[in-house]
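Number of protein chains: 2
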Amino acid sequence: MQLKKYTDYGLRILMYLGAKDGAEAHERLTTIKDICETFSLSSNHVNKVVHHLGRLQLIETRRGKNGGFFLAKAPNEIRLDYVIRQLEGDEPWIECHNPYCVALPACELKGIVARGKELFYDYLREFTLADLLKKRGQLQQIFSTAS
Amino acid sequence: MQLKKYTDYGLRILMYLGAKDGAEAHERLTTIKDICETFSLSSNHVNKVVHHLGRLQLIETRRGKNGGFFLAKAPNEIRLDYVIRQLEGDEPWIECHNPYCVALPACELKGIVARGKELFYDYLREFTLADLLKKRGQLQQIFSTAS
DNA sequence: TATAATATGCATTATTCATGTATCTTTGAT
DNA sequence: ATCAAAGATACATGAATAATGCATATTATA
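Here the protein sequences line up with chains H and R, keeping their order. For the first sequence, the residue numbers in numbering that gives the first Met the number 0 are 0 to 146. For the second sequence, the residue numbers in numbering that gives the first Met the number 0 are 0 to 146.
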């Protein structure tokens with residue numbers, strides 16, 4: 000029971016972009032290479048996450064020379080429940096059908112777990128990317144000296 | 000992001016035993032074979048889960064001929080948060096150390112996710128095995144005609 | 001037109017969960 | 001006593017999915 004690295008990487012990318020938010024346009028432009036060097040990750044996976052964040056319209060991506068990506072919304076408009084739900088995938092946390100469980104018609108469990116899952120996301124809903132940037136200065140410093 | 004089948008099987012076993020709770024001693028005695036036939040599961044995995052439930056003192060196991068296992072506590076004393084935490088393992092839902100994340104010193108995320116996880120378990124804490132047995136009659140019927 | 005960036009699809013590897021096989025230990029029945 | 005039936009235990013194998021790698025297409029700019 001753990002979030003995927005995929006999701007984790009997505010959040011780190013948003014934090015990286017958020018730390019630059021408000022800077023000049025050309026300063027904000029970040030490449031996959033930047034992310035990989037900063038967090039010591041392989042470019043393939045990051046590539047896919049960036050693409051996904053683009054499809055979700057959380058970031059804007061620019062192809063071609065001098066391309067890159069940047070936040071498409073203000074940090075306080077990017078809710079954590081949405082990001083995690085989307086990157087993680089939103090399947091039930093308990094599998095009643097694989098293999099099929101005979102108790103299913105009389106089972107109270109699936110509802111309880113499903114409600115618990117919603118409470119988890121309800122809590123995340125209270126936070127946005129802006130909350131992840133409380134120590135923005137420190138993050139900027141970390142990111143500028145990493146790589 | 001999903002509970003393990005291992006955990007799921009554990010809960011099903013408890014439901015099976017709970018449906019029999021209160022019956023004569025020899026009626027309550029259940030074997031791994033019974034469980035496997037009822038839920039169409041392989042005995043190996045169930046074996047391990049039963050052993051685990053025994054170590055947790057949620058069930059009492061009896062080796063040897065005419066052995067088996069049965070609930071060691073009343074259903075309303077078996078809290079779901081405990082069962083799931085123990086069977087599932089209680090690691091953090093986000094991995095900051097694999098690979099190590101440079102943002103860690105200034106990261107607000109791990110705390111938020113950890114708190115969300117606790118809210119999930121806090122909710123489960125409101126329920127016991129007894130709550131999974133609301134439709135006890137129906138469950139008994141299902142279990143007696145399955146296999 | 002060359003180059004540097006993302007986009008995309010497919011292949012491979014790694015990890016973890018699930019399952020299988022074998023054998024040991026315990027206990028009751030014959 | 002011995003046998004058989006049950007869980008206990010250790011190790012091996014298989015399956016699923018996540019993570020990573022590779023190749024190439026597409027796009028945009030200098």
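Every residue gets a Cβ at the ideal spot worked out from N, C-alpha and C, and that includes glycine. Since the structure is predicted, the reported quantities are computational estimates derived from the model, not experimental observations.
Identify the continuous alpha helix (DSSP H) that holds residue i and give its terminal residues.
i, result
"residue 117/R", "108–123"
"residue 31/R", "31–38"
"residue 138/H", "135–144"
"residue 26/R", "24–27"
"residue 42/H", "42–54"
"residue 6/R", "4–19"
"residue 81/H", "79–87"
"residue 129/R", "128–131"
Run through chain R and tell me which residues come within less than 7 Å of residue i, C-beta to C-beta.
i, result
"residue 105/H", "134, 137, 138 and 141"
"residue 115/H", "119, 122 and 123"
"residue 131/H", "107 and 108"
In chain H, what lies closer than 8 Å to residue i by C-beta?
i, result
"residue 11/R", "100 and 102"
Which residues in chain R have a C-beta closer than 8 Å to the C-beta of residue i? List them in chain order.
i, result
"residue 1/H", "0, 90, 91, 92, 93 and 94"
"residue 128/H", "Within 8 Å Cβ-Cβ: nothing; residue 128/H doesn't reach chain R, min ~10 Å."
"residue 145/H", "101"
"residue 34/H", "Neighbours of residue 34/H on chain R: none; closest Cβ ~11 Å, over 8 Å."
"residue 58/H", "Chain R residues near residue 58/H: none, gap ~18 Å exceeds 8 Å."
Between residue i and residue j, is the Cβ-Cβ spacing less than 8 Å?
i, j, result
"residue 94/H", "residue 7/R", "yes"
"residue 29/R", "residue 67/R", "yes"
"residue 18/R", "residue 132/R", "yes"
"residue 111/H", "residue 123/R", "yes"
"residue 55/H", "residue 85/H", "yes"
"residue 51/R", "residue 9/R", "yes"
Leaving out five residues before and five after residue i in sequence, what residues of the same chain have Cβ atoms less than 8 Å from its Cβ?
i, result
"residue 57/R", "13, 70, 71, 72, 77 and 82"
"residue 36/R", "145 and 146"
"residue 75/H", "127, 128 and 129"
"residue 49/H", "12, 31, 34, 58, 60 and 68"
"residue 120/R", "80, 83 and 84"
Please report the residue range of the beta strand (DSSP E) in which residue i lies.
i, result
"residue 60/H", "58–61"
"residue 70/H", "67–70"
Take residue i and list the residues in its own chain whose beta-carbon comes closer than 7 Å to its own, dropping the five residues that flank it on each side.
i, result
"residue 87/R", "2, 3 and 6"
"residue 15/R", "29, 34, 37 and 142"
"residue 113/R", "91"
"residue 26/H", "19"
Mind listing the chain H neighbours of residue i? Cutoff is C-beta to C-beta under 7 Å, in chain order.
i, result
"residue 37/R", "101"
"residue 87/R", "0"
Looking only at its chain, what residues have a beta carbon closer than 6 Å to the beta carbon of residue i, apart from the 5 residues adjacent to it on each side?
i, result
"residue 53/H", "60"
"residue 116/H", "92"
Worksheet item: Can at least three beta-carbon pairs, one atom from the segment 123–140 of chain H and one from the segment 30–43 of chain R, be found at a separation below 8 Å?
Response: no
Item to complete: Spell out a yes or no on whether the segment 90–108 of chain H and the segment 90–110 of chain R are touching, meaning 3 or more CB-CB pairs, one atom from each, closer than 8 Å.
Response: no
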